[in-house]
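Scroll down for the structure; my scribbles are underneath it.
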Amino acid sequence: MEHPPEIEEFNDRIRRAVSGNPPVERRIWVTSLSHCLRKTALSIYLNTYNPSKSWEARIGSALHGWLGEVVKGADFEVPVEYELRDGWKLVGKADAVKGDYVLEFKFKGFENKNSAEDSGKPAKNRDLEHAEPSKEWIEQINAYMGILGKEKGYIYIFDRNGLEFRVFEVPFDERLFRRFIKRAERVIEAVEELEQGKFPKWISTVGNKRWVCRSCPFRPICAAIDREWLLELE
Ligand code: SF4
1 MEHPPEIEEF
11 NDRIRRAVSG
21 NPPVERRIWV
31 TSLSHCLRKT
41 ALSIYLNTYN
51 PSKSWEARIG
61 SALHGWLGEV
71 VKGADFEVPV
81 EYELRDGWKL
91 VGKADAVKGD
101 YVLEFKFKGF
111 ENKNSAEDSG
121 KPAKNRDLEH
131 AEPSKEWIEQ
141 INAYMGILGK
151 EKGYIYIFDR
161 NGLEFRVFEV
171 PFDERLFRRF
181 IKRAERVIEA
191 VEELEQGKFP
201 KWISTVGNKR
211 WVCRSCPFRP
221 ICAAIDREWL
231 LELE
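Under full-length UniProt numbering, the sequence shown is numbered contiguously, ending at residue 234.
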């Protein structure tokens, strides 16, 4: 008996899951494209993508939830989806959309001014007055704008201690959006190579950003392939 394509596709998923060979999730999260593309490709291929569960991320989620509850007046947690090729999608969740504007909320714990000065840390980490949106935050809100067809967004930076905030306007940048989509396409190519049993050594890693690699579950793989120095990381 013939079934509709959606049902056939679902049945295929069940069969593959039962046989221990679940299908690769053909979704790429916007937030996964700002650091190591190799990590993103491996997470998709091995089905291990897991948004950060650090205590900082947990506090951020709780404060986002609180903001949506108490402030209202905007659409919060707006899902976004952009069709790539061959069934692949770029997906994410904009923190909020108010009319024609995309809003992103960042909750930052600023360091004590004096100790930050002493340690030579950047001024933007010292206090709200010097805060500025990171490159990653800008490219992510820009991606949401591109997907939702909006021309402007605002990044709110809150001081977690007291919840004072500043607002930064971000105009949509078409070229940045195109470059972001290219990154997603590189990830797709890499996953396809992994499916063919090849390792995509060519895909962008993170240079020498040891802090990114330190918490990455794929360290042993990269150490064996082309980053021997990872073995020295604690
Ligand atoms: S160990 Fe480093 S280079 Fe390798 S996938 Fe993880 S973050 Fe990327």
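All residues carry an ideal CB built from backbone N, CA and C; glycine is no exception.
Residue i CB to nearest heavy atom of the ligand SF4 below 7 Å
| i | result |
| --- | --- |
| V206 | yes |
| N212 | The sequence given here places Val at residue 212; Asn does not occur at that position. Yes, Cβ of V212 sits closer than 7 Å to a heavy atom of the ligand SF4. |
| F110 | no |
| R183 | no |
| R85 | no |
| F199 | no |
| L42 | yes |
| R13 | no |
| L230 | yes |
| R219 | yes |
| R38 | yes |
| R179 | no |
| R227 | yes |
Beta strand (DSSP E) segment containing residue i, residue limits
| i | result |
| --- | --- |
| E151 | From DSSP, E151 is part of no beta strand (DSSP E); its letter is neither H nor E. |
| V78 | D75 to E83 |
| R166 | F165 to P171 |
| K39 | It is not in any beta strand (DSSP E) - K39 instead sits in the alpha helix (DSSP H) that spans L37 to Y45. |
| A94 | K89 to K98 |
| L103 | Y101 to K108 |
Enclosing alpha helix (DSSP H) for residue i [first to last residue]
| i | result |
| --- | --- |
| V27 | This sequence places Arg at residue 27; Val is not what is there. Not the alpha helix (DSSP H): R27 falls in the beta strand (DSSP E), residues R27 to W29. |
| E193 | E174 to E195 |
| E8 | P5 to V18 |
| L33 | Careful: L33 lies outside any alpha helix (DSSP H) and carries neither H nor E. |
Buried/exposed call for residue i, threshold 16 Cβ in 10 Å
| i | result |
| --- | --- |
| T48 | exposed |
| E104 | buried |
| R141 | Residue identity check: residue 141 is Ile in the sequence provided, not Arg. So I141 ends up on the buried side. |
| L37 | buried |
| P5 | exposed |
| G149 | exposed |
| G99 | exposed |
| A17 | exposed |
| V70 | exposed |
| L67 | buried |
Inter-residue spacing [alpha-carbon to alpha-carbon] between residue i and residue j
| i | j | result |
| --- | --- | --- |
| I203 | E193 | 11 Å |
| P217 | A41 | 13 Å |
| W88 | H3 | 23 Å |
| R166 | G153 | 14 Å |
| W55 | R160 | 13 Å |
| K108 | S32 | 20 Å |
| P220 | I28 | 23 Å |
| D86 | R26 | 9 Å |
| E169 | E189 | 34 Å |
| K182 | K121 | 33 Å |
Short Cβ contact (8 Å threshold) for residue i with residue j
| i | j | result |
| --- | --- | --- |
| P171 | E139 | no |
| L231 | C213 | no |
| V91 | Y144 | no |
| F158 | K106 | yes |
| V78 | A62 | no |
| S34 | E136 | yes |
| L84 | A184 | yes |
| V80 | I155 | no |
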